[in-house]
Structure formats: structure tokens, C-alpha cells
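Student:
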């Protein structure tokens, strides 16, 4: 699994003729991302923004453009098929923004992406961005990011922006920011991204943003312990004030049992050597203390 | 995928309390195979032949004996479950003798064995035997085999014995003989076995026995071409006299279309450098010419 | 999405999982009629979307009509509260009248998705009829968790393993096999997010039966399960949550005094945590969601204002697509429409057109504090405490 | 296992795949009645387990009662022969009376297991209504072969790909989608080994319809598909094959004069090849199968002897579990019971108790040649030619 994105990243936008897909495709292009094609079944032959060719199928689009990455804005009922079409067309990195994909579909898709060695980010995620490479594949507001040497990984979109905003305003730039998504099953987990950051020579420190529900944060903590990580990590867990059994927006953000609580997660990450961010307003400040 | 069997091969017989399972377990033991346990759900605690402990589950049996291989004689309706139980108990090589497993079940099992890196031989196969190691995991009559340096691979049981009988009577011993099974979908294909033989330092030449139906022989030929094989191979294809559309015993031995015919297969193997055995009675003779 | 026990049992029955005989009553008369059909001995169970009914008196074995009448009078049409519903109460509209079972042993069986192994898991325990979380923390060895292979579904040898773990006799294999396969099929076919049978019992006839059943469904999959959507009982849900959900606003009613309006679920949780760390309590979770226009923003504000407990409204917007000036106009619209005293407003807006948004809001009569970041929000909140 | 076209179409219909309206007739009277129900214009199709019915006159568009009567008289109860049945004939007991379709285009669609990619494959071609093998060899680019992922089944984008390949308009997506998913579900649910729709047509109402249908089933899975087993029509099968199959003997009737009895399918094929290479023809394939005792061996010999064409019987046993002395006694039993002149016997026995077996046989009056190996069999056969 590689999260490297740069000039060689050639992106197809699936669902480019939709409102959201079109809007964000333009924002990505503005930021510097190499969007090479769009795909909307039945709209093949159209042009998007007078510059981007739209194809009927991913097979055709990848064949003609040599794309290696896809960015998906297809509505939830059709998004699983869009992901699969991407995978089977030979795309190696799939970023799925779509929210609301049934969990049972994701179980199957996860297995297939995994079997075929495809990097799937999301669904229900903001995507990823590398400010130094001027490459953004997702929906984050590009102007708050600044090139630098801190990796950011989060289950949440706006909370990523909050963290990045704090970092940038404190003069701390980012090497790569990845939103893994708020669903119970996502293609790329905290562990995958941490693994990348820890091996990445452009990353000196990490901001880790978790939330209530599931055990992904604990698994990340176990992983960090297992590799004896030494890169500094500031970890924020949100949702300490949420009651049990209620879903806080994200499909994955619902506490069922002790392990889903914020305290359990903070405890595990602290044990794994992370510096815990006590107040969501102090992400940058906490990181500064340890780098 | 390894086909190496020797003293370290510790075998559990699934279905050991059945008539066939029991009979062949004894023959394997007589030959020298290290049978360490039997498994029959509901018969846990019994002793087989006063020496072999019977367990209720593969999990228990592998845990207590450290077995790495299983030999399956379970009736067809229950055999898929037996294979899966083997795989999930940590067994690394599964030999399934059972005939008559539905193809749709095998599609699933093939994928799982493959995903988990388990070597599955069969189903509907005679198993495999290494005469030098005195290790036989299957149902072939042990007395016709002789240690030596020729590998034998076949879709058929009795035809393997025929070939081996010819070899032994001609003074040509065998390094390893593998029956891959007569079903349309089998866990280990010709390619897997050829690959093993070609890399195996104990094997100088190969007897390859195919039959009508499917395209496994053509795929083997493609493989041999792709690796520029130089080990001598004598290849026999049976079923030239069979009519189209009729199943000749083996579920996989039915011609549908030209590629299933014996001539197509012989042609492909000849192209790949194999010496074609013209008459089934001349297997050993043909091999002698090329080694 | 939650459904009632009686609905869950109907589904179980459809998928071949045995449940006790029962009928559902919506008034005293039918309840009594049903009760007599069971030879005047039955278990009466209030049907509400809340656990812990037993401890709260909502489940009772009754063997005479007088007690049945008493039970009906006590619950029908009234509010019901368990330790799980907390301070909130839910109305009782239906009571299940169920054949009494003689219990030989109580077990636990559940299916749910485990994000850590990315698959559906079967959870089983020989300790049923009790709080499974307690079993998990005190006797973790009594919990068996089995990831189901996505290609295979449950297999015979897995069922044998569970049978063994539940201390059930081998002769019960086919009963348990049918139950586990039925539950798995139900889970897949209807896109469940949880099926919990607690307890699963062995009765005096050597039958394995689901004595209670809790099923919840993946709301993201309701679009392809119309039959399940129809099982939804709005009488058990919060009215404001229902209304906002229709607009695509994710709102969860809580009990504090600080309402909040945020874009993004993660930032919304962070905002709630900021409120709590300032010594106050959030009145709600609210993620305004995508595609917010003036009307949607206004409706979100109205929802927060409709909560009588709200003294302060905290707006925390990190604008991207959402333009802050549009949001500001939406807020003013809702504040004008609101009847009561306008609350204190704390506004943090960042991103697209945020200066214009703040200007629009500062030109009003409302009591507004502006914050630049989360720390400043904290400070303002702390001074309000 | 094969079934008739009318049975296949009934299954297709159950799984949501459109087929033309039709009724099945077992005698002239019902045929005429059915024919009139279709306003005296219909396609009549003999129902036999053989392809190539059209070329052999077994399929006819009829628009008047007289022609219908003629068709009925010609086929009902009579033997029918196509180029695919070869010299063999099958009896016509049923005739399908089917609404005539107006064909806009003819396509081909099939599902089968491909051993090379270990999965179910969908095969599609825009060239339907013709011999697909011919298309495959002359225009391989007109054949589309798609391996179906075992976890997913067919997906929307695959259906779009097939739609495109079949030159069908995009608006037909949902029709084709329903057909492909229906066929796949049928393939899985009923353990098919082949579903072949040739032709699949687009009619003048813009409807995609299965105009013909051939389905065969995995015999190894019949134990779990009782409903399918019941569709078996024994009148279309060889009597000796049916009887031997019941005993676990794999026997296939062929047309030569040398009967053979072998243990193992591979060795049986090799034995047939030996017969052919000696300039003779095998009268049958016979694999005696596992667990052979005296009785089973005797029945196998009787089956071979029951074939009037058989002049020589070749026995080729490589004994393992099967004891050759037991086999010898079985053979003698059958030979004694046989009416006609005993054939010439060529016996090759190897393995357990083979000497004893040969001794027993040589002590009889039968004309027996013993062979030690396949080469000797060849020599003996060649001398018989």
C-alpha cells in the first residue's frame, strides 16, 4: 500500500458530471492535481470544463489516459459498483468520498481490494493531500494546507481541517494529510497510514485524530507498540462527551461497550507512546511540545 | 506451494472411522507414512487400530499433534466442510480423495485455499507418494513404486499406476507421483506440479498424463513454453477415442469444443517441447528415449 | 434503525429461527383475548425501543386475568423508563403476549460487524440472559467470537465449535446449524447491523429457542430494504431528530444547555467536548451535512432553538463549500421566527466568506460573541458558566 | 444431467428471465388446443435431449391447424435423430407450442465453469442463433468471456460491458441486468453446469427474451437439489447407462464391437484408445468404480454383454482394493447367465490376487487370451482385426 501522490498521479474522477463531483474536480485542478479524465456511464463523449474528456467506463478511460488513481463521487447506491469498476480497470489507488454505502457491501469490497493489492481510501472520507507536491485528491479546502514535515491522519474531514488550520497558523507544515473515513469498514486503516508515515522520509511527526466507536484506535496503538515507534505522535480522540448507543453522525461513531469509549482509546494511545491532546483547540500546541 | 513430503509430514486422516478411510490409513501406515491422528466429528476419544487417536475436530487434533497435513475420506456432501475445517485449523497441505463434490463448492474452496496459501490436492484424486521417503498420502498401491528420479503427474488414479508400473518394470524409479484429480476444479493444477518438478533437484524427468476435457493441458503447455523448460517430459493424453459431449467417468473428462479434444492437447504439449506418448502401453519406452 | 422485539421475532421466524408462540396486543381487550388463548398463562412484555425492560418491570409472567388487566392498565399508552433510556421515556403502544417457556439453560448469540477484522462476526456465550458487557469484562473466556468468511458464510465445523462452546449436546447440531445459518441469511438479506439473541434458551423439550431478540438495521442500506423501512416506529423516536433527518441534518438530542451547530461529524464531537471541558453540557450533537443552503441552515438553528433547555447556541463552521454569509442569513431567519428569548450566541466561522458572515451577524440585536478558534470558544464558554 | 427446453424455460421464468409464452403438449389433442390458444400461429418444437433439432426439422413455425396436425403426427411417439444424436435416436414424447417472436437481433449468452480460471464465466456473443463453436473458431473477437468474481457475482459495470459488446442500446441495461443476475442466481442456487441461451433475442417490442434454453446440472450436486432431480426424463437416456449408474458403475454406450471393463476412468479411456489404435472400436466406456464386489463385477460384465454389437470383451484391471480373484468369479457368474454366444475375452489383471484370478478364469471353457500389459492387449486385438 503506497500513499505517495505527486506529478505521476493521474486521476480519473468518477461521477464528474454530478454537482459535487464537478465542483471538487475543479478545486483539485486549481490546486494542481493532474485530473486526466472523468467517467459517468451514459455520458461518454462529453467534455467537462471544456478540457476533461468524459468516458462511459473506467476500462476505456484508464486505457486511453494511463490513469493510476480514481476519485469517486458516485451516489451511495452505485458507489460499490464504481469502486469495483475502478479496481477491475487496473487502477491502483481508489479514493471514495461517497457517504452512506451499506456496510455489507464494504465487507465484500474491502476483501476484493485487499486481494488485488489495491489501495482503497474511504469511503465517507475527505481524501488525501500532499501540499508540497500540489496534489490534492479529495474535498478539503486547499488553501489551509502548507508544505512541511508533519503527517496528519484522521477519521473525520472537518476535524482534519481544524487540525491543519492550527498547524499552519503555528507555522507547522504538512507532508501528507489523509482522511481515512468515518465508516465502520474503510479500505485504509490508521495502521496503514501510520506505517506509511513512519517509513516516510518526508515525515518527522504525526497528528493522529481518532474518535469514539469501534477499536481502530486501539489497533493502531497495538501496532505502534509492536514496531517500537519513535516518531513523535500527538493524538486527539473526540467524542468523550457523547452518550453510549447514539450514532454521532459518522456511521462508525457509536459507542457500544467500553472499548468504544474515548477514554479507552486515549489510554491505549498513551500506552503506545503518543502525546494525548487534552483539548481539541490544542492540537498544534501539543505537537509542538514533542517535535 | 510445496509438494515436499517426508518424515516431517505429520498426517491427520479425516474420516478415519469410515470403511475407506480406515483401510487406506492402514495402508499408508504400512508404507511408512506418519499418521498422527484421525478426525471424525462425534467419534472423539475413540482409538483407531489401537494406536491412532480419533478427535472430534481438526482444531483439537492439530493442536495436540502438531500435524501439518490432512488426508480426507469424508463423503462428498460433507467433504467441503472437512477441507475448510482443515484449512482453518492451520493445516498447510490438504489431500482430498473424495469424489463427487459439487463444482460450485470447489470454486469457493479453491479461492479460500489459494487466499490462505494452503496446498490443496484434489478432490477426486489418488493423492501423492514419495517412494524414497517412504511417504504415501493417498490410495495408490504402494508396492508398484520404486525410488528414483522421475516425477509423475496425472489427472487419473489407475492411469498413474499404469504409468508407474511401466516405469518400475523398466527399472525407472520415481521421485514423486502426484494425482491432481479428475474434477473440473482442483486445488493443485498441472502447472503447480510441473513447477515443483522443474525446480526439484531430485527430479530429472517428468511423465505427464492428461486427458480429454477442459484446457488444463494447454495451460500447462503455455507454462512450459513461458519458462523455456529443458527437463525432458513424456506426455500422454488419453480419450482420443471418446465422443464429444459424453462424460467419461471423471467429471472433468467431457469434450465440449475443440480445445477439449485429445489432439488439441497433444499438439499444444508437443509445441511446448514434450515428447508425446503415442500408445498408452509405451509410457516408459517414450520416456527412455528422452532421458 | 431499531425495531421492536415482536417485529424481530417475526423476522427470525421467517428465516427459520424458532421463537415462542406469541401475539401482539395494542389494547387491553385484545391483550386479554390473547392471554386466554394461552390458557391464561403467558409472559407479557412491553414493546419499547429500550433495553433493560425486565429490571424496570416491563416483562412479567402472569397466570390470571386480573394480573393481566393490571399490567395492561399500568403500561398501555403510558411512558416507560428503563435505566437504558435514562431520563427520557418512551411510550408503550404494544404489549407482546407470549407463551411461557421452561428454561433449561440460557445462552447468548449475536451477529455484528467487527471493523477490526472487516467481517461479520458471530458472538456466542454460554452465559445468557444477563448483561453481555458484564460477562465480557468479568469472564472474557466465556465469550466466543468467530469471524465469518465472506465467501462461505457460517460452516458446519464452525457450528460444531459453537455447539461445543455453548455446552450443548452434539445431537443439537442440526437445530443450532439451522439457527446460525438463518441468522446469517437474515443479517445479509436485510442488511442488519446487529442481531442479538439474549437469551437463546434450551427448553424442557430439548428445543433451542430465541426467547428475546434485538435487531438493528444499517440505515445506509434501507434504500434497498423497503420492507424493513416500514417497520420503523416513529412513536419511539425523538421528534426533532426525525424532522432534521429528513433534511439531511444529523441531530441527536442530548440533555445539556449549550446547543451547537457544526459542519462535519468529527468537528461536531470536538465542539461538544469543548463545551464539556468548559464545565457545561452539550444540548445536542448537530452536523449540518453537505449541500447546506440558507434554508437548511435556518432549519438547523430552529431545531436547536426548539429545545427548551438551550441557553447558549454555539456555532462552529469550518466553511468549504458552505459559504459563511449564507449561513449567517439562515441563522437570522431562524432567530426571527423563534418565539422565546433569543439565547446567547457564540459564533466561530472560518473559511469562505467568513468576514461577510460575521459582519451580517454583528449588525443584529442579538447577544453574540465571536471566536476565532476553539480555544477562544472555550474561554467564552468558561466565562458563561 | 440434461433437461428439456420447456423445463429450462420454466426455470428461467422462475428466476426472472423472460421467455416466450408457451404450453407443453403430450398428445395431438392438447397440442391442437394449445395451438388454437395462440390464434393458430405458433412455433412447434419437439422436446428431446439433443441439439440441432432445427436442422433436423424438429422446430417449425406453423400457421394453420393442418400443418400442426401433420407435425404432431410426424413426431409424437416416434424416434427423432439429429446430427448431434448421431446414429442414436431419442423418442419424442412432448412438443412445445410457443408464441412466435419477431426477431430484431439474435445474440448468445451462456454461463459455465471455466476450470482455467476456477470460476463461473459469462460468455456473450452478438452472433446468436448459430453454432457458437463455429463463431469461436472463425470470429473469436465476437466472443466475450467474463470470469465472475466468487464474492460479488455479476456487477453493474460488467453488465454494461456486456450490453456494449452485444451492441444493445444503453436503455436496455435494466433488462439485461435482470437477465444476467437471474441466470447467475439460477446457476448457483440449482448447481447448474451449463446455462446456454441461444439465441437470446431482441424482439420488435424492444424486449430481450430467451428464445431457446439449454440447462445442464452438476450431477454431483443433485443430492441437494431434489426438485431438479425430479426433472430427469429417463425416456431420453440409455437404459443400460441408467441401470449401471444405480450400481455406481460408470458406463457409456458407444458404437464399436469391443466391450471393455476397467477400473478407473483414466485407465478406461486409455483402454479405449488402445482398442482404437488396434483398428477396432470400443463398444463402451466402463469404469467399475470403487467398492467392487463379486456382484458389482458381474453386473458390469452383464451390461457389456447386453450390447448386441459386442464381439470381444476386454478386461483391464489394475487391482488395488479390488481383488482379482473376486473379479474373476464375478465375470464367470455373468457369462453363465448370458444367453448369446460368449464373446472372445481378453483379460489383463494386475495387482492383488491376480494370479489366482487368472487361474480361476483359465479353468473355464471360455475363449480367453491373457495379457500382461497394454502392449500385449494391442497385439492380441490387432490379431483379431
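Chains as they are written, first to last, in the working numbering: chain A, 8 to 298; chain B, 8 to 298; chain C, 176 to 560; chain D, 176 to 560. Every residue gets a Cβ at the ideal spot worked out from N, C-alpha and C, and that includes glycine. This one's a predicted model, so the numbers in the text were calculated from it and none came from an experiment.
Considering only residues of the segment 160-220 of chain A, which uninterrupted alpha helix (DSSP H) runs meet the minimum length of 4 residues and lie entirely inside it, listed in chain order?
Tutor: Qualifying alpha helix (DSSP H) stretches, in chain order: 164-176, 197-206.
Student: On the premise that residue 509(C) lies in contact with residue 480(C), defined as a C-beta separation below 8 Å, what is that separation, rounded to the nearest angstrom?
Tutor: Their Cβ separation, rounded to whole angstroms, is 6 Å, which keeps residue 480(C) and residue 509(C) in contact under 8 Å.
Student: Name, please, each residue of chain C whose Cβ falls closer than 8 Å to the Cβ of residue 161(B).
Tutor: Those do not exist, as residue 161(B) stays about 30 Å from chain C at its closest Cβ, beyond 8 Å.
Student: Residues in its own chain within less than 8 Å of residue 400(C) by CB, not counting five upstream and five downstream?
Tutor: Once the five neighbours on either side are set aside, the close Cβ partners of residue 400(C) are 365, 366, 392.
Student: Compare the Cα-Cα distances from residue 375(D) to each of 345(D), 402(D), 341(D), 396(D) and report the closest residue.
Tutor: Ranking the options by Cα distance to residue 375(D), first place goes to 341(D).
Student: Whole angstroms are fine: how far does the CA of residue 491(D) sit from the CA of residue 286(C)?
Tutor: Going by the C-alpha atoms only, they are around 56 Å apart.
Student: For the segment 525-537 of chain D, enumerate the residues whose C-beta is nearer than 9 Å to any C-beta of chain B, in chain order.
Tutor: Against chain B - using a Cβ distance shorter than 9 Å - the residues of the segment 525-537 of chain D are 525, 526, 527.
Student: Closer than 8 Å, Cβ to any Cβ of chain B: which residues of the segment 419-435 of chain D, in chain order?
Tutor: Residues passing the 8 Å Cβ filter: 425, 427, 429.
Student: So, under 8 Å CB-CB, residue 532(C) and residue 500(C) are touching, yes? Tell me the CB distance rounded to an integer number of Å.
Tutor: Residue 532(C) to residue 500(C), Cβ: 5 Å. Contact.
Student: At what residues does the alpha helix (DSSP H) containing residue 461(D) begin and finish?
Tutor: Note, residue 461(D): premise wrong, no alpha helix (DSSP H); beta strand (DSSP E) at 459-462.
Student: Look at the Cβ atom of residue 244(C), then the Cβ atom of residue 219(C), and state whether they are nearer than 8 Å.
Tutor: Cβ distance not < 8 Å, so residue 244(C) and residue 219(C) don't count as in contact.
Student: Would you verify that the beta carbon of residue 71(B) is, or is not, closer than 8 Å to some beta carbon of chain C?
Tutor: Judged by the 8 Å Cβ criterion, residue 71(B) is not in contact with chain C.
Student: Near residue 191(C), which residues of its chain fall below 6 Å by C-beta distance, leaving aside the five closest residues on each side in sequence?
Tutor: Excluding positions up to five away in sequence, the list reads 353, 357.
Student: Whose C-beta lies closer than 7 Å to the C-beta of residue 307(C) among residues of the same chain, with five residues either side of it excluded?
Tutor: Result list for residue 307(C): 283, 300, 373, in chain order.
Student: Can you list, in chain order, the residues of its chain with a C-beta nearer than 8 Å to that of residue 282(B)? Leave out the 5 residues immediately preceding and following it.
Tutor: Excluding sequence neighbours, residue 282(B) sits near 239, 240, 241, 242, 293, 294, 296, 297.
Student: Using a Cβ-Cβ cut-off of less than 8 Å, give me the residues of the segment 41-58 of chain A that come near chain D, in sequence order.
Tutor: Against chain D - using a Cβ distance shorter than 8 Å - the residues of the segment 41-58 of chain A are 48, 49.
Student: So does the segment 214-225 of chain A actually touch the segment 409-418 of chain C, counting three or more Cβ pairs closer than 8 Å?
Tutor: Taking 8 Å as the limit for Cβ pairs, the verdict is that the segment 409-418 of chain C does not touch the segment 214-225 of chain A.
Student: What does residue 291(D) touch in chain B if you count any residue whose Cβ is under 8 Å from its own?
Tutor: The answer, in chain order, is 221, 222, 223, 226.
Student: Any beta carbon from chain C within less than 8 Å of residue 258(A)'s own beta carbon?
Tutor: Yes - at least one Cβ of chain C is within 8 Å of the one on residue 258(A).
Student: Excluding the five sequence neighbours on either side, which residues of its own chain have a C-beta within less than 6 Å of the C-beta of residue 177(A), listed in chain order?
Tutor: Excluding residues within five positions, the ones whose Cβ falls inside 6 Å are 291.
Student: In its own chain, which residues sit with a C-beta less than 6 Å from the C-beta of residue 53(A), not counting the 5 before and 5 after it?
Tutor: So the qualifying residues of the chain are 61.
Student: Identify the contact partners of residue 336(C) in chain B, using a Cβ-Cβ distance below 8 Å as the criterion.
Tutor: Under the 8 Å cutoff, chain B gives 64, 66.
Student: Does residue 279(C) pass the burial test, meaning 16 or more other C-beta atoms within 10 Å, or should it be called exposed?
Tutor: With fewer than 16 Cβ atoms within 10 Å of its Cβ, residue 279(C) is classed as exposed.
Student: What is the rounded straight-line gap between the Cα of residue 115(B) and the Cα of residue 326(C)?
Tutor: If you take the alpha carbons of residue 115(B) and residue 326(C), they lie about 7 Å apart.
Student: How is the beta strand (DSSP E) around residue 242(A) delimited, first residue to last?
Tutor: It spans 240-245 - the beta strand (DSSP E) in which residue 242(A) sits, taken as one unbroken run.
Student: Taking Cβ positions only, does residue 265(A) come closer than 8 Å to chain C?
Tutor: Interface residue, yes.
Student: Which residues of chain C have a Cβ atom closer than 7 Å to the Cβ of residue 245(A), listed in chain order?
Tutor: What residue 245(A) touches in chain C: 441, 444, 445, 448.
Student: Could you check where the beta strand (DSSP E) with residue 320(C) kicks off and where it finishes?
Tutor: 319-322 is the span of the beta strand (DSSP E), which, as asked, contains residue 320(C).
Student: Would you report the Cα separation of residue 143(C) and residue 489(C), rounded to the nearest angstrom?
Tutor: It is not possible to answer for residue 143(C), since the shown part of chain C is limited to 176 through 560.
Student: Helix, strand or coil for residue 38(A) per DSSP?
Tutor: In this structure, residue 38(A) counts as helix in the three-state DSSP scheme.
Student: Using a beta-carbon distance cut-off of less than 9 Å, what residues from the segment 317-344 of chain C approach chain B?
Tutor: Hits within the stretch, in order: 324, 326, 327, 330, 331, 332, 333, 335, 336, 339.
Student: Going by DSSP in three states, residue 294(D) sits in which element: helix, strand or coil?
Tutor: Reduced to three states, the DSSP call for residue 294(D) is strand.
Student: Would you mind telling me which residues of chain A sit closer than 8 Å to residue 411(C), beta carbon to beta carbon, in chain order?
Tutor: Those within 8 Å of residue 411(C) in chain A number zero; the least Cβ separation is about 14 Å.
Student: Please tell me whether residue 444(C) and residue 86(A) are closer than 8 Å, where the distance is taken between their beta carbons.
Tutor: Not a contact, by the Cβ cut-off of 8 Å.
Student: Spatial neighbours of residue 433(C) within its chain, please: C-beta separation below 8 Å, excluding the five flanking residues on both sides.
Tutor: Same-chain partners within the cutoff: 450, 455, 456, 457, 458, 485, 486, 487, 488, 489, 556.
Student: Going by C-alpha to C-alpha distance, which of 343(C), 362(C), 394(C) sits closest to residue 383(C)?
Tutor: Minimum Cα distance to residue 383(C) is reached at 343(C).
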